[in-house]
Amino acid sequence: MKTDREDTPDDRAAANQLANELDDQSAETTTADTAALTFPKRLWQTITAPLTYGGLVLGVVFGWQSFKPTLMPRGGVSQAAITALCVLLGYAFGTLAGRMVRFALDRSGVKIPASVWPTARKVLAGVAVVVAVAGLVLWVGWQNDQRDLVGMDHISLTAAIPVVIVVPILVLVIGSIGRLVGASVRSLDRWNQKHLSRTAALVVTTIIVALASIYVLRDVAFTRFTLWADSAFGSVNTTTSDDVTQPRNPEASGSPESLVDWESLGLHGRSFAGGSTSPEEMKEFWGEEAELVTPVRAYVGKTDGTMRDRARLAVRELERAGGFDRSVLVVATTTGSGWIDPDAAEALEMMHRGDTAIVSMQYSFLPSWISFVTDLDAAADSGTELFNATYERWSQLPKTDRPKLIVFGLSLGSYGAEFAFAGPDSMTSLANVEARTDGVLLVGATNSNPMHRQFVAGRDAGSTVWNPIYDGGRDVQFITRDPNQTTPTKPATWPLVYVQHPSDPVTQWGFDWLWSPSAWNDRPRGYDVPDTGGWFPVVTWVQGVFDLMAGFGAPPGFGHDYRLDYVNGWSRVVPPDAWTVSDTKRLEAFLAD
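Okay, here's the thing in structure tokens:
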């Protein structure tokens, strides 16, 4: 049986009328066969309902803005995903804005003639085609300009092919899902209005949708994701890299003399403990006659017990290996997976001829981006507990026999390292650093680092977020690879040194990009960030999410790859006696080769 309403053109054209019809039809039809025939039809009609004009306008605007460059170069597939998401978000915001405008016009009695809309849609379609073609052509040029800044190969116009293919598919699939979800919400709201007042129905619908969203995102999606991550990366943590073997020297954790078992160290712990710089390797730089020693590497994996228990075990292991007898002792907070950049450790050990000790411990086996989302407090607890335990034992030594106490952290490790010293303001934080350490080196700080935020916010007038100057640079130094940055003509040390790249999205990206102009857009921009492009609400935030992923695969010296910066960083915090600027350059060249 079919009703008269089923045959009307309005029923086929408007999604909200179709949803209303579903309610009416349920009352008018009684057979299961009719319901089975009409439900797929209504799903199809909901998906294929005409697009809103306001949504199309902002979809085109957001799509155009998505082609603009940001911090990192992008390939065709990444650009396709960005453009599709931006078009969909633009459509959603445009639809909402259009309804608000329509409501305001209706209230004021203003009517737009129906004859206007066909012409307006044709004009918009032409604009959309021009935007798509021009955007893709300009995108290739913008990407190549940006690739020149970071030393990457150029792309050709063929790189735009994935954008042409993937964007329509993603928009269709995600947009259809969004329409079905929206139709379900509207149906729920109409049902509530039949039983409640308009205000009460709106409140009830909002609460139900909010609770359902929380349940789906947190209790279903997030829980399943964390279970998968724990299982997948937990298995990876039990493996050992092919080029790593158990150390035999007593200076390394996991050796026969060690307090911790080799298998308990985890994937990155075994790589760290088994990869210390040998005296034979150091002779290549220092010469055959140089006095060299085997460096100490103490590490505790993610074992049972509290974070404090692991920290105390790490200190006992450090003392067993002779770490407190070395000239330089580094307390290093790992990244989320327990990783310590081997280039950072090698640069320190090579610079000091092996007269060093590094102590660290694992607080997670998940990649940093997952740890950042699921267990950010673990990084802070690890950095604080490990430093406090080390500092307690170090303080008991005679002042004349203490090694220099240095703190190190890379990426999420820098976030954790800061928490042992972070105070309510920058002056307090700096005072804590100066009172309890001989120097701190933090590399690729995250945008959430509490101390980094303090110093950047309190930077001197005229300095930029990518190269901030705090209090004239007296006690806090920010190092970049900017060829125009002033460098010391002779060795000089600072209590606190940050190493960062202007193009590093880990340092620059934040949630406030959604609604607030991002400071990396300010002029002058960083030496590896293009002048084209700029901030646009929502769009730049989406681009930044993809920048975060691209930053980890950037060429050395750009993005989030700091392998070329460690020698310079260590030389600003804890250089050996008689170390010179030329020594820094010579060691950089040696390690680069």
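So for the sequence shown, numbering that gives the first Met the number 0 puts the first residue at 0; every next one is plus one.
No residue lacks a Cβ here, since even glycine has one placed at the ideal position from N, Cα and C.
- The DSSP-derived three-state label of T492 is coil.
- In the pairwise beta carbon analysis, the region 293-307 is classified as touching the region 359-367: at least three pairs are separated by under 8 Å.
- Residue environment for H194: exposed (fewer than 16 other C-beta atoms within 10 angstroms of its C-beta).
- The beta carbon of T334 lies closer than 7 Å to those of S367, L409, S410, L411 and G412 in the same chain, with the five residues before and after it left out.
- Under the three-state reduction of DSSP output, Y565 falls in the helix class.
- V76 and V60 have their C-alpha atoms roughly 20 Å apart.
- Counting the other CB atoms within 10 Å of its CB gives K584 a total below 16, which places it among the exposed residues.
- The beta carbon of V442 sits closer than 6 Å to those of L409, V498 and Y561, all from its chain and outside the five residues before and after it, given in chain order.
- For V475, the enclosing beta strand (DSSP E) stretches over residues V475 to I478.
- Each residue's CA atom was taken as its position, placing L156 and V163 some 11 Å apart.
- With a threshold of 16 other beta carbon atoms within 10 Å, N236 meets it and is buried.
- Listed in chain order, the non-local C-beta contacts of R247 below 8 Å within the same chain comprise S254 and P255, local neighbours out to five positions each way being set aside.
- Taking a contact to require three or more Cβ pairs closer than 8 Å, the region 383-392 and the region 459-475 do not qualify as touching.
- Counted as a single uninterrupted DSSP element, the stretch harbouring Y526 is not any beta strand (DSSP E), since DSSP gives it neither H nor E.
- With a beta-carbon spacing of about 7 Å, L70 and W519 fall inside the 8 Å limit used to define contacts.
- With a minimum length of 4 residues, the unbroken runs of alpha helix (DSSP H) contained wholly in the region 529-591 fall at 538-550, 565-572 and 580-591.
- Looking at the backbone, the Cα of T37 and that of Q142 are separated by about 49 Å.
- Under the DSSP assignment, I357 falls in the beta strand (DSSP E) whose first and last residues are T355 to M360.
- Going by DSSP, T118 is part of the alpha helix (DSSP H) stretching over V115 to V149.
- In the DSSP assignment, A379 falls within the unbroken alpha helix (DSSP H) covering L375 to S394.
- The three-state secondary structure of R296, taken from DSSP, is strand.
- At least 7 Å separates the beta-carbon of M450 from that of D380.
- Taking the Cα positions, I206 is about 38 Å away from A119.
- DSSP lists T355 and K403 as the beta-bridge partner residues of V327.
- With distances taken between CA atoms, V202 lies nearest to V184 out of V184, A419 and Y214.
- A straight line joining the alpha-carbon of P402 with that of P72 spans about 43 Å.
- Between A343 and F407, the beta carbon gap of about 7 Å places them in contact (Cβ cut-off 8 Å).
- Bounds of the alpha helix (DSSP H) holding L312 are M306 to R319.
- Here T332 carries a strand assignment [DSSP, helix/strand/coil].
- DSSP places A416 in the helix class (H, G or I) of the three-state scheme.
- Per DSSP, the continuous alpha helix (DSSP H) segment holding V59 begins and ends at Y52 to S65.
- Rounded to the nearest whole angstrom, the C-alpha separation of V115 and H500 is 52 Å.
- Under the 8 Å Cβ criterion, the region 46-63 counts as touching the region 88-98, having at least three qualifying pairs.
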